[in-house]
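J.: Got a structure here, written out as structure tokens. Questions coming.
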Amino acid sequence: MRKGLALLIVLALLLPMLAALPTDTKAQEGPKVWWVAPGGTGDGSSEDNPAGNITYAVLHAHAGDIIKVKPGHYSIETTGEGFPITLSVENLVLESTDGPEVTIINATGTLSDTAVGLYAPGTVFRGFTVTYGNETVFTQIPYGIDVSGSDTWNVTIENNIVKHAVRGIQLRSYGGMAPPGVNALVRNNTIIDASWYAIRMESYNNIVENNIIIDSSRGIQLSSVGNIIRNNYISVDWATIHCRDAPKDALVVGNILICHDDVIYFSGGEENITITGNLIAGGHDGIEFTDEAESTNVTITYNEIRCNGKAIYVRKGVKNMVVQYNNIVDNGFGIDNLSNATEHQIDARYNWWGSPDGPGDMVSSNVLYEPWATTPWPTTFSIPEVTVTTTVTETTTVTEVTTETMTTTTTTTETKEVLGGAFYGSVGVIIILIIALAYVLMRK
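Residue numbers (our numbering): 228 to 671.
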């Protein structure tokens, strides 16, 4: 009887104590919002207490945190940035508060080959101008924005302006590793003055959409598997889209593609490529297939292919090539197929050739072009007037930057993980006394 009573007393005393035990507050806090502003001297914990540079925030942020950056010029000289600015924890968001025109990351002076790197899954980079040099001194950095790593998945790069980079945005994989950048979303960016490729797609299942690429050498390198290029405006010197390293299962849809050389260029070995609903104009060749390797299963439909030297030029031969429901007009030559092999015959029926009487542009042998359309296929293309304004200036107010940019006050609360911490506090002492009391009662 006494033992039962003792147990009831112990339970009655223990239950309130257990209910009052501290929980894992760290797990309950959720994502933290960091604030950054030029000249800030705080720890970034609030908008009124911002950190003075982006580098501080990304080094101290944890998975799922959000870093909000105020307008200004962020560089080695002005804010003491360290490059590359790296997003290396999962689901970290780095975004500007007022957009890319007034929030500038300038990597001038760095020894790094990269301005911004996304190297963790779920990271987001949004709303900045990323540049190198200035408008009077022509210099470039090898990578404007780089996405790489064996586990870098589902990243988002949006609403940025990238200037003066050899490669504007790079989505790449390493040999022998699972491809990084899988399901990367690159949208609503403007890339200017890329001396090689504005965007390189060297990893799987990425979407590149609603971007503007101008004043650059090349537009998009399309490689790897399962990539989509959609609704972009690209006007460059050579190859708005370069199919390189044998891409597979790709879709090119709804783009305005203007070029002085080859608008879309196939290097050979491609499989299952669909090109549909695009404007392809102004090039030496609209679509050219190299003589280096054979391509397979290429579908070209519902495009406006106009004002090129040759609309489509096939040098090596393509197996299962379908060219239908396009408007092919005002080109020096329509379709030129250099291969006479039966398996390389091009099915080019149902196209509009600029006349109800048939091809107005010349067509070579081994091209099946009858029957043709007697009226144009409807299109909705309009060439946008593209203007890009950025307030990149070298006269930005300079704040003093020292090795002690900010003082960080760390308040340590000894909340050991759940039960572990409780037994070292006063609650633990009370519980031990209760257990001792129960032992005495049970002994009587």
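All C-beta atoms in this analysis are idealised placements derived from N, C-alpha and C, irrespective of residue type, glycine included.
Tell me, which residues are paired with residue 436 by DSSP?
T.: 414 and 457
J.: Residue 296 lies in the beta strand (DSSP E); which residues open and close that run?
T.: Its beta strand (DSSP E) spans residues 293 to 296.
J.: Ignore the nearest five residues each way along the sequence and tell me which others in residue 457's own chain have a CB closer than 6 Å to its CB.
T.: 436, 480 and 481
J.: By the DSSP assignment, the alpha helix (DSSP H) with residue 285 in it spans what residues?
T.: 281 to 287
J.: Residues in the same chain with beta-carbon distance under 6 Å from residue 320, minus the five sequence neighbours each way, listed in chain order, please.
T.: The beta carbon of residue 320 lies closer than 6 Å to those of 293 and 351 in the same chain, with the five residues before and after it left out.
J.: Go through the region 367 to 405 residue by residue and report every complete run of the beta strand (DSSP E) that reaches 3 residues or more, in order.
T.: 368 to 374, 383 to 385 and 388 to 398
J.: Near residue 566, what residues of its chain come up, given a Cβ to Cβ distance below 6 Å and the 5 sequence neighbours on each side ignored?
T.: 544
J.: With a Cβ-Cβ cutoff of 8 Å, do residue 527 and residue 549 count as a contact?
T.: yes
J.: If you reduce the DSSP assignment to three classes, tell me which class residue 571 lands in.
T.: Correct three-state label for residue 571: helix.
J.: May I ask you to list the residues that DSSP assigns as paired with residue 462?
T.: 441 and 485
J.: Buried or exposed: which applies to residue 492, given that a residue is buried once 16 or more other Cβ atoms fall within 10 Å of its Cβ?
T.: buried
J.: DSSP on residue 531, reduced to helix/strand/coil?
T.: strand
J.: Looking only at its chain, what residues have a beta carbon closer than 6 Å to the beta carbon of residue 324, apart from the 5 residues adjacent to it on each side?
T.: 295 and 297
J.: Would you please state the rounded distance, in angstroms, between the beta carbons of residue 314 and residue 285? I believe it to be under 8 Å.
T.: 6 Å
J.: First and last residue of the alpha helix (DSSP H) that includes residue 601?
T.: Segment: none, residue 601 is in no alpha helix (DSSP H) and carries neither H nor E.
J.: Assign residue 508 to buried or exposed, taking buried as 16 or more other Cβ atoms, counted over all protein chains shown, within 10 Å of its Cβ.
T.: buried
J.: Going by alpha carbons, who is nearest to residue 275 out of 263, 282 and 281?
T.: Looking at 263, 282 and 281, the one whose alpha-carbon comes closest to that of residue 275 is 263.
J.: Please tell me whether residue 551 and residue 518 are closer than 8 Å, where the distance is taken between their beta carbons.
T.: Going by beta carbons, residue 551 and residue 518 fall outside the 8 Å limit.
J.: Please look up how many angstroms separate the CB atoms of residue 399 and residue 369, rounded, as I've assumed it's under 8 Å.
T.: Not really, about 12 Å apart at Cβ, beyond 8 Å.
J.: Just to confirm my understanding: we take residue 194, look at its own chain, exclude 5 residues before and 5 after, and list those with CB closer than 6 Å. What are they?
T.: The first residue shown for the chain is 228 and the last is 671, placing residue 194 beyond what the model contains.
J.: What three-state label does DSSP hand residue 304 in the structure shown?
T.: helix
J.: Could you tell me which of 355, 541, 578 and 463 sits nearest to residue 523, measuring between CA atoms?
T.: 541
J.: Cβ atoms of residue 554 and residue 604: under 8 Å apart, would you say?
T.: yes
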